[in-house]
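Below is one structure; the comments refer to it alone.
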Amino acid sequence: MPGTLPLADRTIAEVGELLRRREVSSRDLTEACLGRIARDGERLNTFLAVGEERALAAADAADAALKDGGGADKPLLGIPYALKDIFVTRALDDDGQPNGGLPTTAGSRILEGYRCAYASSAEERLSNARAVLLGKTNLDEFAMGSSNENSAYGPVHNPWDDRLVPGGSSGGSAAAVASGQAFFATGTDTGGSIRQPASLSGIVGFKPTYGRVSRYGMVAFASSLDQCGPLVRSVGDAATVLQALAGHDPRDSTSVDTPVPDYGAALTGDVRGLKLGVPREYFVAGMEPGVEAAVRSAIGVLEGLGAEIVEVSLPSTDHGLATYYIITPAEASANLARYDGVRYGLSAGDDDLIENYVRTRGSGFGPEVKRRIILGTYALSAGYYDAYYVKAQQVRTLIKAEFDSVLSGVDALLAPTSPSVAFKIGAKADDPLLMYLNDACTLPVNIAGLPGISVPCGLSDGLPVGFQVIGRAFDESTVLRVADAYQRAAGFIDLRPPTAYG
Ligand code: GLN
């Protein structure tokens, strides 16, 4: 069936094959994506910047390399992609002059028009892989959100239904990949921001182990949890993109110097002999019945493939949300201190320094970012530090220890990604706590630093549902193996929103 999809909606594996057989060109692929961006980009509000000319020039260069027989060892050569606009892109030359590169906003007014002098590791590595950068995708401001409604540049709409959110914070990336505007996109995941929008938009999203991919050039939200990963249409494509992104980078002190295995080799399609745990606490109260049914049936598929399914318990799951909403605002309040209206980004231009801080930050940050800075500053302040921050770090250790102990008895865990399908724009916007609950199933994975992938497992009320495979630290291979075996057997690899056609 995949062959019947329009070019823009196929997987990297399929179009890569066509490229190497020279049946299509990188220019064809790039034009197909640019055509989709022209058709749907504005309506869905997926992109904050598009670099059409540079993309076409990169595509032509890729075509020239393919003509010379290149590409065999470069599966991303000539493949058009997007970066979440939280990855800085080099936009100034050595003399500080604009070089035609793309600006970086992090979804915030405070960085409007900001041009960075250096490339993020993600841009650099994907450019070394000769992928074709199309543009920068919309996101919740500084990646704080679960619906993309917190972007200073307007909400992103879900390609399955314009009235719905695509999830967040990598909502632009998810919607772009789901609607054929890019073959893959990067995201960042601090508490679920790759996996949850992948789930709500019907695609695959993979958060690797903390430390697996460099954070260099990723605008910091909560540095001890932020991690970069791919949003793609198949598990096989996730393996391909992760291969290009992963690896030690001395410029990120938390990037781990450990060998990167061949992820493609993990995709055996065989899960016989694997023991997969289902944590009972993840089927939370308030979960939509259609979501639970789809996830349970995915677990049944893996059992049918020969995996042993066992129920397990992670009793501290309930404390994940509170822990996360102490630690991440605390780190954010420190990280965001750099937006002072002096060094870069927006400046109110006031001669009085304090007045300049107040006016720049007052007008440059949106309400959710301010809420988190206030929460974090409070949690770190004298007298509250021990009660909140230190306590949260202790619970974090407990959560991690529980995962480690359970994962010593099973090869991976299976769980829902989000308790609900995509919801209406505006439905939770006035209730931060309700919004935060979206991430109950994803954020413990970040707290423990583990790899987790979200894979589509069907529809509920006509909208996509995803389930998670969570693995041991640095064992991305088993996560990919389980997810891929499921995807091959269950076939939701062809799931596309109505916008994919016509
Ligand atoms: N939705 C979560 C939050 O608002 C997670 C965000 C993320 O992973 N960047 O913090």
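In the numbering used here, the protein residues as written are 1405 to 1906. Beta carbons: idealized from backbone N, C-alpha and C, even for Gly. For clarity, every value in this text was computed on a predicted model and none was experimentally measured.
Residues in its own chain within less than 6 angstroms of residue i by CB, not counting five upstream and five downstream?
{"i": "S1429", "result": "D1467"}
{"i": "L1629", "result": "T1594 and N1850"}
{"i": "R1892", "result": "G1673"}
{"i": "G1584", "result": "A1412, D1413, R1440 and A1904"}
{"i": "Y1614", "result": "Q1631 and G1853"}
{"i": "A1642", "result": "V1608, F1610, P1634 and V1636"}
{"i": "A1887", "result": "V1639, I1857, V1859 and V1873"}
{"i": "E1806", "result": "L1718 and S1720"}
Could you pull out every residue in the same chain whose Cβ sits closer than 7 angstroms to the Cβ of residue i, ignoring the five residues on either side in sequence?
{"i": "P1612", "result": "Q1631, G1633, L1646, A1650, P1855 and E1880"}
{"i": "G1875", "result": "A1816, L1854, P1855, T1882 and V1883"}
{"i": "S1574", "result": "K1488, L1543, G1591, T1592, S1597, I1598, P1601 and L1635"}
{"i": "Y1743", "result": "I1514, G1749, R1765 and G1768"}
{"i": "P1665", "result": "S1881"}
{"i": "G1474", "result": "L1481"}
{"i": "E1516", "result": "T1509 and L1750"}
{"i": "Y1518", "result": "P1507, T1508, T1509, Y1748 and G1749"}
{"i": "A1698", "result": "C1861, G1862, S1864 and V1869"}
{"i": "E1456", "result": "L1438"}
{"i": "S1657", "result": "none"}
In the DSSP assignment, find the unbroken alpha helix (DSSP H) run with residue i in it and report its ends.
{"i": "L1409", "result": "From DSSP, L1409 is part of no alpha helix (DSSP H); its letter is neither H nor E."}
{"i": "C1437", "result": "S1430 to R1440"}
{"i": "P1733", "result": "G1724 to N1739"}
{"i": "F1491", "result": "No alpha helix (DSSP H) contains F1491, which DSSP labels as neither H nor E."}
{"i": "A1783", "result": "P1771 to L1784"}
{"i": "Q1501", "result": "Element bounds for Q1501: n/a, residue is neither H nor E."}
{"i": "I1703", "result": "P1693 to G1708"}
{"i": "Q1797", "result": "K1795 to L1811"}
{"i": "Q1891", "result": "E1880 to A1894"}
{"i": "I1758", "result": "L1757 to G1768"}
{"i": "I1416", "result": "I1416 to R1424"}
{"i": "P1952", "result": "Not covered by the structure: residue 1952. The range shown for the chain is 1405 to 1906."}
Taking residue i and residue j to be in contact with their CB atoms under 8 angstroms, please state how far apart those CB atoms are, rounded to whole angstroms.
{"i": "P1820", "j": "Y1729", "result": "Contact flag wrong, Cβ pair sits at about 20 angstroms."}
{"i": "V1639", "j": "V1419", "result": "V1639 to V1419, Cβ: 17 angstroms. No contact."}
{"i": "I1777", "j": "L1837", "result": "Wrong, their Cβ atoms sit about 18 angstroms apart, outside the cutoff."}
{"i": "S1525", "j": "D1413", "result": "No, S1525 and D1413 are not in contact; Cβ-Cβ is about 29 angstroms, not under 8 angstroms."}
{"i": "A1586", "j": "P1901", "result": "Actually they are not in contact, since the Cβ atoms of A1586 and P1901 sit about 14 angstroms apart, beyond 8 angstroms."}
{"i": "K1540", "j": "L1496", "result": "Their Cβ separation, rounded to whole angstroms, is 16 angstroms, which puts K1540 and L1496 out of contact at 8 angstroms."}
{"i": "N1552", "j": "P1570", "result": "6 angstroms"}
{"i": "G1780", "j": "S1737", "result": "3 angstroms"}
{"i": "R1616", "j": "F1878", "result": "7 angstroms"}
{"i": "E1528", "j": "F1491", "result": "Rounded, the Cβ-Cβ distance is 10 angstroms, inconsistent with contact."}
{"i": "G1681", "j": "V1810", "result": "6 angstroms"}
In the DSSP assignment, find the beta strand (DSSP E) that holds residue i and state where it starts and stops.
{"i": "L1863", "result": "G1856 to S1864"}
{"i": "E1712", "result": "E1712 to V1716"}
{"i": "F1610", "result": "V1608 to K1611"}
{"i": "T1592", "result": "F1588 to T1592"}
{"i": "T1541", "result": "V1536 to T1541"}
{"i": "K1832", "result": "Counting along the chain, K1832 falls outside any beta strand (DSSP E), and DSSP gives it neither H nor E."}
{"i": "L1680", "result": "K1679 to P1683"}
{"i": "I1575", "result": "The residue you asked about is not Ile; residue 1575 is Gly in the sequence shown. G1575 -> not in any beta strand (DSSP E); alpha helix (DSSP H) instead, spanning G1575 to A1582."}
{"i": "L1838", "result": "L1838 -> not in any beta strand (DSSP E); alpha helix (DSSP H) instead, spanning P1836 to Y1840."}
{"i": "L1750", "result": "It is not in any beta strand (DSSP E) - L1750 carries neither H nor E in the DSSP assignment."}
Determine whether the beta carbon atoms of residue i and residue j lie at a separation below 8 angstroms.
{"i": "F1610", "j": "I1416", "result": "no"}
{"i": "V1675", "j": "G1704", "result": "no"}
{"i": "F1451", "j": "A1510", "result": "no"}
{"i": "L1537", "j": "Y1620", "result": "no"}
{"i": "A1626", "j": "T1732", "result": "yes"}
{"i": "A1461", "j": "L1604", "result": "no"}
{"i": "A1648", "j": "R1885", "result": "no"}
{"i": "G1694", "j": "S1864", "result": "yes"}
{"i": "P1683", "j": "S1717", "result": "yes"}
{"i": "S1550", "j": "G1572", "result": "yes"}
{"i": "P1868", "j": "W1564", "result": "yes"}
{"i": "T1727", "j": "V1814", "result": "no"}
{"i": "G1504", "j": "R1458", "result": "yes"}
{"i": "I1829", "j": "R1567", "result": "yes"}
{"i": "L1818", "j": "V1746", "result": "no"}
{"i": "K1679", "j": "V1714", "result": "yes"}
{"i": "A1523", "j": "R1494", "result": "yes"}
{"i": "R1447", "j": "H1561", "result": "yes"}
{"i": "L1422", "j": "I1483", "result": "no"}
Of all Cβ atoms in chain B, is any one closer than 8 angstroms to the Cβ of residue i?
{"i": "V1688", "result": "The structure shown contains no chain B; it holds only a single protein chain."}
Residues in its own chain within less than 8 angstroms of residue i by CB, not counting five upstream and five downstream?
{"i": "I1841", "result": "One detail in the question is off: residue 1841 reads as Leu in this sequence, not Ile. For L1841, where only same-chain residues beyond five positions count, the Cβ hits under 8 angstroms are G1690, L1725 and P1823."}
{"i": "Y1557", "result": "N1449, L1452, T1509, G1511 and N1542"}
{"i": "G1439", "result": "A1412"}
{"i": "S1701", "result": "C1861 and G1862"}
{"i": "R1424", "result": "L1470, G1475 and A1476"}
(message) As an exercise, report each continuous beta strand (DSSP E) stretch of at least 3 residues that is fully enclosed by the segment 1599-1648, in chain order.
(response) Listed in chain order, they are 1608-1611 and 1632-1636.
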